[in-house]
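If you want the working numbering, it's the position in the sequence shown, counting the first as 1, plus 13.
Ideal placement from N, C-alpha and C gives every residue a C-beta, glycine not left out.
In this text, all values refer to a predicted model and were calculated from it rather than measured experimentally.
One structure is given here, and the rest of the page talks about it.
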Amino acid sequence: MRADNSTHVIIAAKRRHELTRAKAIKAIRELAQTGEPLDFPTVAARAQVSRSWLYTQPDIKTEIQKLRSLAARTPRPPIPARQRSSDISLLRRLEVANNRVRDLTEENQRLRRQLAQALGANRAAPSHVALR
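See below:
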């Protein structure tokens, strides 16, 4: 008769569950401190657990949702002036984009004319099919 080892399996499962919870909680704390996006995929990746497991843990799920909604309401600090685009830079980018649109429009019109001429030439060409 085999010995009953189920208690060892149960203890190992509980230990693994607690370790997984500790990894998830640590990941949530780290993300909250660094200001990184705090959502289920990010926490799951950081803690190396599945997203579905996170959803099955009511306290962890609630904490992620609470911190995520809190982060959404917190205003972001303004971008430093030296990192912002200047008005001149934005105008230059707009000018380049407008020039590109104009060039593409002209090319499109030219290609349409060429296609129309080719189709017209094809239609005007005599047919070489002999009818008997």
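*Would GLU76 be called buried (16 or more neighbouring beta carbons within 10 Å of its own) or exposed?*
GLU76 is buried by the Cβ-count criterion.
_Contact belief for LEU51 with ALA45 at Cβ below 8 Å, rounded distance in angstroms_ = Sure, about 6 Å apart at Cβ, within 8 Å.
*Same chain only: Cβ atoms within 8 Å of THR68, ignoring 5 sequence neighbours per side*: Here residue 68 is Tyr; the residue named in the question, Thr, does not match the sequence. If you ignore the 5 residues before and after TYR68, its C-beta comes within less than 8 Å of the C-beta of PHE53 and LYS74, all in its own chain and listed in chain order.
_If distances are taken between C-alpha atoms only, which option among SER19, GLU119 and ILE38 comes closest to PRO71?_
For PRO71, the nearest C-alpha among the options comes from ILE38.
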